[in-house]
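Below you'll find the structure, written out as structure tokens, and then a few comments.
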Amino acid sequence: MYSARTWRVVVGDHDIYTNEGREQYLGVSTVYVHPNWNSNSVASGYDIALLRLSTSATLNSYVQLATLPPSGQVLPHNNPCYITGWGRTQTGGSLSAQLKEAYLPVVDYNTCTRSDWWGSTVKNTMVCAGGGSDSGCNGDSGGPLNCQVSGQYVVHGVTSFVSSLGCNTIQKPTVFTRVSAYISWINGIIG
């Protein structure tokens with residue numbers, strides 16, 4: 001399905017156009033795309049993949065391991081979270097050269113699935129966050145939603161989609177794949 005030979009992972013990067021000397025370039029040996037993923041229907045869910053690296057990254061002050069949530073955990077409304085990415089900073093704008101961060105509190109499932117919000121487009125395997133002046137945008141897909149839980153940051157989401165009407169659309173918060181819905185699939189791959 002996807003050839004790992006065409007993939008490369010860069011960790012420790014901040015400015016994608018400048019070599020800052022702290023980047024690590026790693027090959028990918030295997031790409032695991034969720035078997036139910038349908039690239040023609042992002043809203044169907046299963047928008048998650050794992051990359052097995054050819055070599056291990058060196059952990060340092062710029063590269064750290066992420067913490068995953070327990071299986072099934074659903075965060076409450078307004079739980080503090082942050083999106084990071086190099087995506088557009090506004091609808092139709094250019095991609096960011098530097099890694100950006102934005103505060104996006106969780107929007108609970110009952111609110112996000114109201115008919116005047118996302119409605120049935122959002123599934124229970126997704127998490128919504130934001131809805132204020134900040135949002136994810138084109139180019140942020142695949143990046144993390146790190147949420148504060150019991151004093152530590154946990155990767156609760158993988159950026160999936162925003163409204164076709166544009167980023168920061170009222171009552172259309174950024175939608176993420178809810179990582180806690182896929183823990184058994186992840187564990188089956190990583191062992």
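Residue numbering for the sequence shown follows the UniProt record's numbering, starting at 1 and increasing by one per position.
C-beta atoms are modelled at their ideal positions from N, C-alpha and C, and glycine is treated no differently.
Check                                                                                                          : Outcome
The beta strand (DSSP E) enclosing S29, as first and last residue numbers                                      : Q24 to V33
Those runs of the beta strand (DSSP E) which lie wholly inside the stretch 87–167 and span at least 3 residues : 100–103, 126–129, 144–149 and 152–161
Cβ pair C167, G119 closer than 9 Å                                                                             : no
CB of D108 within 9 Å of CB of H156, strictly                                                                  : no
Residues that V42 bridges to, as DSSP identifies them                                                          : Paired residues: none, contrary to the question.
Cβ-Cβ distance between G85 and S54 below 9 Å                                                                   : no
First and last residue of the uninterrupted beta strand (DSSP E) at G85                                        : C81 to G85
Coil, strand or helix - T6 by DSSP                                                                             : helix
Burial state of G191, where buried means 16 or more other Cβ atoms lie within 10 Å                             : exposed
Residues bridged to A49 [DSSP beta-bridge criterion]                                                           : V33
Identity of the residues DSSP links to D15 by a beta bridge                                                    : Q98
Closest by C-alpha distance to Q148, when choosing among G92, G12, V42 and Y103                                : Y103
Inter-residue spacing [alpha-carbon to alpha-carbon] between H34 and I48                                       : 6 Å
Extent of the continuous alpha helix (DSSP H) run through G188                                                 : I183 to I190
Spatial neighbours of Q98 in its chain, beta-carbon cut-off 7 Å, leaving aside the 5 residues before and after : H14 and D15
Check whether M126 and G45 have beta carbons under 9 Å apart                                                   : yes
Neighbour-count burial assignment, P70, 16 or more Cβ in a 10 Å radius                                         : exposed
In DSSP terms, what T169 is bridged to                                                                         : According to DSSP, T169 bridges with nothing at all.
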